[in-house]
Structure formats: structure tokens, C-alpha cells
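Reading through the C-alpha cells given below for one structure.
Protein chains in written order, with my numbering: chain A, 24 to 255; chain G, 3 to 268.
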């Protein structure tokens, strides 16, 4: 279980979200919703400790984040940025680089699994030898997803994972994520998207961020989170 | 004082040399380069600064007080440390301290080792050796520090996305920063390596030429130049490494975060 309690993040002294609590249980498929600027990306970054929190506590497997070795925690709880980066080299090299991190030393690249994932995405074998400067935005997103899944995380925080993909690819990525979720009862994800139909398809419930407190919006209960079933 | 083996330049000769500046000013006026003012200011600054340094050095060489010489050395190191940071286009908190600590530690270590161990100057504080050697080592370490710092900060800002992608995939802060550190060290060392590559072919180094002018045998002057180049290379490597590692500790927190907000533009 991944729990976050009373999280607050200030930007220039103003809370972007405050007193925010959430839970991700085994098998959870959760949509993270909110208008632009409501801090969805910032929340995901905070959940993996890439941004510092101003207040609040994050627990994973009943241990506070302070007690985790952070690389070890990020081995299990993985954030994939929307514009996941590939600086140089081929897709294969970047996958191999990530396997070389000390925290993954017990892990070897499962080529059968890689082949299977690539079949779901309908990617040819040659995709692995494409270099960074020849990858389109959509291909980068798929490569980033592949790279992450092969490192066997338990929790995925997906920030607009299909934002650069055309429609046919979107459904393939969704199939891949469904396949991944069925692969282990402990897998779970938090997913943001501007496509609300996608969120309805992929998630079972949602967390809503209202965005920072506006001076002229008294009816809004600032940035508290509301949990509601998705897909009504 | 014994007879100098070189021609002492008198005031009249100095004034004659200053007339050479008229060539530059004339060109600037004729070609409308608008450089006349800058040239004059530059020439005046150079003259005043060098005259002052000359007076201070003359005094220090006469007094020959170890404490005073050390003070002079500390001032030189301090100025070099500040100048190194001033050449960079970004800053982080504590950057001046980082620069001061590393340039002082590396320059004093290398110069000290050379003076006591290699040249075996007696007494060790003999300003004729200590001051010029330290000055040359500092000048080069300064370049290494400013290039290394600049590259480290620039690289981390430019590749933030990639660094954070690595971090979020379980990379330790060291694994995530490793490439930037390596690049920063390379960049800091390149001027020194290039200087050694072309030394004697394209350029006749200033110190060696100076010694030859002062009457030293060319082969002796060459030996001094070799020693100083080894000192410069060692000191620049130490200083660049030190300052880049301190920057790394400041920019990457112990809980494996890259703290972008610590880097500000000038």
C-alpha cells in the first residue's frame, strides 16, 4: 500500500495543493484529474521524492519514506514523466543503462518479456536500435514505458502517458497497461490524461485536484482531494 | 646589490614604450573603431595596477617576513577564488565558499609540495619562488574552476529532464550526476592539456621567456617551465575536481533529489 497523508506543496508561499491525502492499494487503477496548473505533475513528482514536500508524509509498505533508501523506493514506485528523456544512443542502450544502476543489480533484462511487450505495442525488432534523434515524440513515450516496465516496478505514476501518440497507438498502450496490471495482483497505477474517456476506460476511481485557491472562488474548497468513482 | 644581468628599464624608456599605444589610438581614430577611450583606460589601469603590485612586491621582498608573505599568498588565493566564480553565468548558495576552499587547498598543497619537496627552497617562504609560482598556479586553477563550475551547472540545468528520469528509475544521485561531473572535469582540464600540447611549438610560455630575458640559460628556463606545468596540471585537476564535487553535493540532496531551485542565473 502506498499512502500519502496531509501533503502540502507551496509555490511562492501559496499552496498548490494542501492537506491532500490518498491511497493506492494493490490492484488499484486510479485517475488523477484536475485542471491545468492544479499540480498533477507536481503531486506525482512529490510521491517519488523528486520534489520536496512542504508538509505531509508518504508511506509505502508501512514504512515512511524517510526510512526507505530512496533509490530502493523508486525501484518499486516509478514516476514516468510526460516528456521522458532520451539524450543519446539507442533505445536498447538506454534500457541497458537503466539496468546498470546499482539498485537493479539483482535484475536481468528479460528478453522474452521485452519481445512480448513490443508485440503488444506492434513495434518491430528494429525499434530497439533506433537512436534518440530518430525517435518521434510518440516513440519516445513508448520507449520510456517499455524501459520502465522492464525494470519491474510495483506502482506506476503515469503522467499523460499517451499524450504524443496517435489513436491506434493509444489503444495499444492501454492494452499493454491492462496486460501489466493483470500480470501481478500487487501492480497499481495513478494515471493523468486530458482525455477523460481514456480515464474512464482505464481507471476504477479518481482523485481530483481543484487547483490553487483563487481569491474569487469562495465556493471551491481549495485544493482538498475528492475521491469519486470514475465512469459514472 | 649585484649588477643585474639584464637591462634595467628607466622612466624615459617606459614613456617611449607607451608611445606604441599611439599606433593603436591612431588606427582607432582613422578606422572609427571607437576603441580610443577603452584603450586609454585599459593602458592606464594596467600601468597603475602593475605599478602597485610592483611596489607591494618590492616591499614584501625586502621585509621577508613569513607571515606577511603568507598574507599576500592568502589575498592572492582569495582574489582568484572570487574571480573564478564571477566568470560563471549561474550561481548556487555557497558557491563562493566552495571556490575559495578548493582553490586555496589545491594551490597551497601543490605549491607547498613543489617548494619544500621539489625545489627545496630555503627558507620555504623565500618570496622570489613562492609568490610567482603560486600566482601562476592560481591563475590556471581559476580557469579550471570557472569552466568546471559553469559546465556542471549548465549541464545539470540543460539535462534536468534526463537526470530526473534516471533518478525516478532508481539511479542514485551519483549515478544520475556522473555524466555531468565527468563532462565538467573534462572541460575544466582542457585548457591545461591544450597548453601542454602546443607548448614550445606555437607558444613560448611567459615565465620561460621572462627567465631568458633576465639572463637565465634557456635550458634552465625550460626546466622551470616543465616543473611549473606539472604543478599547474596537478593543481587545476585538484581544484576542478574539488569544486565540481562540492557543487554536486550542493545540487543533489542526500535523498537523491536534484535541487534545481538552488541554481540561479547571475
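Beta carbons: idealized from backbone N, C-alpha and C, even for Gly.
| query | result |
| --- | --- |
| Using Cβ-Cβ distances below 8 Å, what residues of the region 164 to 194 of chain A are close to chain G? | 167, 170, 171 and 174 |
| Leaving out the 5 sequence neighbours to the left and right, which residues in its chain are closer than 6 Å to residue 248 of chain G when beta-carbon positions are compared? | 100 |
| Give the DSSP-derived three-state secondary structure of residue 205 of chain G in the structure shown. | strand |
| Just to confirm my understanding: we take residue 271 of chain G, look at its own chain, exclude 5 residues before and 5 after, and list those with CB closer than 7 Å. What are they? | Outside the displayed range of chain G (3 to 268) lies residue 271 of chain G, so it cannot be described from this structure. |
| Can you name the residues of chain A whose CB is closer than 7 Å to the CB of residue 259 of chain G? | 72, 73 and 75 |
| For a contact meaning CB atoms closer than 7 Å, what does residue 147 of chain A contact in chain G? | Neighbours of residue 147 of chain A on chain G: none; closest Cβ ~24 Å, over 7 Å. |
| Using 8 Å for Cβ pairs, my map puts residue 165 of chain G next to residue 143 of chain G. What's the rounded Cβ distance? | So it is not a contact: roughly 27 Å between Cβ atoms. |
| Might you give, ordered along the chain, the residues of its own chain that have their beta carbon closer than 8 Å to the beta carbon of residue 174 of chain A, omitting 5 neighbours on each side? | 98, 101, 121, 122, 127 and 130 |
| Which residues does DSSP list as the beta-bridge partners of residue 79 of chain G? | The partner list for residue 79 of chain G (beta bridge, DSSP) is empty, contrary to what the question assumes. |
| On the three-pair Cβ rule with 8 Å, is the region 54 to 65 of chain A touching the region 216 to 234 of chain A? | yes |
| Kindly list, in the order they appear in chain C, the residues whose Cβ is closer than 7 Å to that of residue 121 of chain A. | Absent from the structure is chain C; the protein chains it does hold are A and G. |
| Based on Cα-Cα distance, which residue from A:166, A:136 and A:145 lies nearest to residue 155 of chain A? | A:166 |
| Since residue 97 of chain A meets chain G, which of its residues come closer than 9 Å, beta carbon to beta carbon? | 169, 170, 171, 172, 173 and 258 |
| Spell out the partners DSSP gives residue 80 of chain A in its beta bridges. | A:28 |
| Could you spell out where the alpha helix (DSSP H) holding residue 250 of chain G opens and where it closes? | 220 to 253 |
| I'd like the span of the beta strand (DSSP E) that includes residue 178 of chain A, first residue to last. | 178 to 182 |
| Mind checking residue 161 of chain G: buried by the 16 CB within 10 Å criterion, or exposed? | buried |
| Just to confirm, is the Cβ distance from residue 50 of chain A to residue 211 of chain A under 8 Å? | yes |
| Just curious, the alpha helix (DSSP H) that residue 260 of chain G is in, first and last residue? | Here residue 260 of chain G belongs to no alpha helix (DSSP H), and DSSP marks it neither H nor E. |
| Does the Cβ of residue 137 of chain G have 16 or more other Cβ atoms within 10 Å, making it buried, or fewer, making it exposed? | buried |
| Residue 267 of chain G bridges to which residues according to DSSP? | G:92 |
| Tell me the rounded alpha-carbon separation between residue 214 of chain G and residue 196 of chain G. | 23 Å |
| Rounded to whole angstroms, what's the CA-CA distance from residue 40 of chain G to residue 53 of chain G? Just pull it up for me. | 20 Å |
| Is residue 104 of chain A buried or exposed, if buried means 16 or more other CB atoms sit within 10 Å of its CB? | buried |
| For residue 119 of chain A, count neighbouring C-beta atoms within 10 Å of its own C-beta (all shown protein chains included) and say buried if the count is 16 or more, exposed if not. | exposed |
| Taking the alpha-carbon positions, what's the residue 42 of chain G to residue 78 of chain G distance? | 26 Å |
| Assuming residue 143 of chain A and residue 199 of chain A are in contact, meaning their beta carbons sit under 8 Å apart, how far apart are those beta carbons, in whole angstroms? | 5 Å |
| Determine whether the Cβ of residue 26 of chain G lies closer than 8 Å to any Cβ atom of chain A. | no |
| Are the beta-carbon atoms belonging to residue 154 of chain G and residue 84 of chain G less than 8 Å from one another? | no |
| Would you give the residue range spanned by the alpha helix (DSSP H) that residue 221 of chain A belongs to? | 219 to 225 |
| With DSSP collapsed to three states, give me the class of residue 231 of chain A. | strand |
| So residue 48 of chain A and residue 24 of chain A are supposed to be a Cβ contact under 8 Å. How far apart are they, rounded? | 6 Å |
| Among the candidates A:196, A:79, A:233 and A:30, whose CA atom is the shortest distance from the CA of residue 225 of chain A? | A:196 |
| Please classify residue 96 of chain A: is it buried, with 16 or more other beta-carbons within 10 angstroms of its beta-carbon, or exposed? | buried |
| In chain G, which residues lie with their C-beta within 8 Å of the C-beta of residue 258 of chain A? | Nothing can be reported for residue 258 of chain A, as the shown portion of chain A is limited to 24 through 255. |
| Can you tell me which of G:259, G:231, G:250 and G:187 puts its alpha carbon nearest to the alpha carbon of residue 240 of chain G? | G:187 |
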